[in-house]
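What follows is a short report on a single structure.
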Amino acid sequence: MADLSKLVTERVLAHLDKMRADMGADNVPYTMSVPLALILLGFVIFAVFQIVKSADEEPLTDAKGRRYKLVSIPGDGNCGFHAVAAGLNALQESGTEVAVDLDFSEGDIRKLLKKEAESAPGYYSEKLKEFGFEEAELEDFLKTTMEGGMDGHWLGAQFGEVELMMIARAMGLRIEMFVSEHNEVRCYQTHDFGKNSVGLLYSGSADRGHFDLLLEV
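Counting from 1, one number per residue, gives the positions in the sequence shown under the UniProt record's numbering.
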């Protein structure tokens with residue numbers, strides 16, 4: 001933020017010097033001070049917008065040298081589903097074939113997830129136990145799958161990682177989860193069920209956080 005303030009200040013001062021020179025501003029009338037201030041304020045807002053926009057457009061990199069564009073996802077308690085849907089739509093727009101040809105939404109991902117769980121109940125009952133949900137029943141999982149998320153819970157209200165694994169398997173995807181670390185992104189977990197990849201950038205605590213989308217560029 002300090003660098004941003006410094007850069008904005010430098011741009012504003014340079015622009016003000018030019019305005020003063022153009023106007024012979026040593027004797028600028030008082031009646032012109034308000035319009036001049038408004039013009040200057042408009043320039044400051046524009047300068048900040050341009051700088052922030054440039055920062056947002058700067059690709060993120062990982063340890064393998066891969067470059068990613070960050071796509072912000074709304075934090076409404078369903079960000080994991082929204083991010084996966086946006087990633088699948090981006091794959092289709094790039095001409096990449098995915099398992100199901102849809103204009104994906106958060107609701108579509110939930111329906112596909114439920115269908116996947118029902119297709120292999122024994123397999124996923126065991127997976128729930130592997131992920132530490134010893135007492136969980138598949139019926140409980142299916143019930144929460146179709147419910148909207150809770151604000152602050154990044155994917156579903158309870159299970160989380162199981163849902164991502166199932167989405168990857170159902171769609172034949174590789175879902176990679178990243179965190180931001182030391183000016184780059186680091187992959188901390190992968191569910192690999194295909195060659196097409198969707199990257200998710202996680203921020204927040206283990207049980208309450210947020211996912212944004214990472215598109216490889």
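Beta carbons: idealized from backbone N, C-alpha and C, even for Gly.
Residues near residue i in its chain [Cβ-Cβ closer than 6 angstroms; skip 5 each side]
i	result
Glu204	Per the sequence shown, residue 204 should be read as Gly rather than Glu. The residues are His210.
Phe133	none
Glu116	Met166, Ala170
Local Cβ density within 10 Å of residue i, reported as buried at 16 or more and exposed below that
i	result
Asp212	buried
His182	exposed
Arg208	exposed
Ser197	buried
Lys127	buried
Tyr202	buried
Thr96	exposed
Met146	exposed
residue 228	With the chain covering 1 to 217 only, the question about residue 228 has no answer from this structure.
Gly87	buried
Gly65	exposed
Gly77	buried
residue 218	Within the shown structure, residues of the chain are numbered from 1 to 217, placing residue 218 beyond reach of any answer.
Glu93	exposed
Glu118	exposed
Contacts around residue i, its chain only, beta-carbon distance under 7 angstroms, and the 5 residues preceding and following it disregarded
i	result
Tyr68	Pro59, Leu60, Val185, Gly199, Leu214, Leu215, Glu216, Val217
Asn89	Asp103, Phe104
Glu130	none
Pro74	His82
Distance between beta carbons of residue j and residue i, contact taken as under 8 angstroms
i	j	result
Leu113	Ile167	6 angstroms
Leu138	Gly80	Not really, about 20 angstroms apart at Cβ, beyond 8 angstroms.
Ala136	Asp108	Wrong, their Cβ atoms sit about 24 angstroms apart, outside the cutoff.
Contacts around residue i, its chain only, beta-carbon distance under 8 angstroms, and the 5 residues preceding and following it disregarded
i	result
Arg174	Ala168, Thr190, His191, Asp192, Phe193, Gly194, Lys195, Asn196, Ser197, Val198
Starting from the N-terminal side, write out each stretch of the beta strand (DSSP E) that is 3 residues or longer and does not extend beyond the UniProt domain "OTU" (68-217).
-> Runs found: 173-181, 184-192, 196-204, 209-216.
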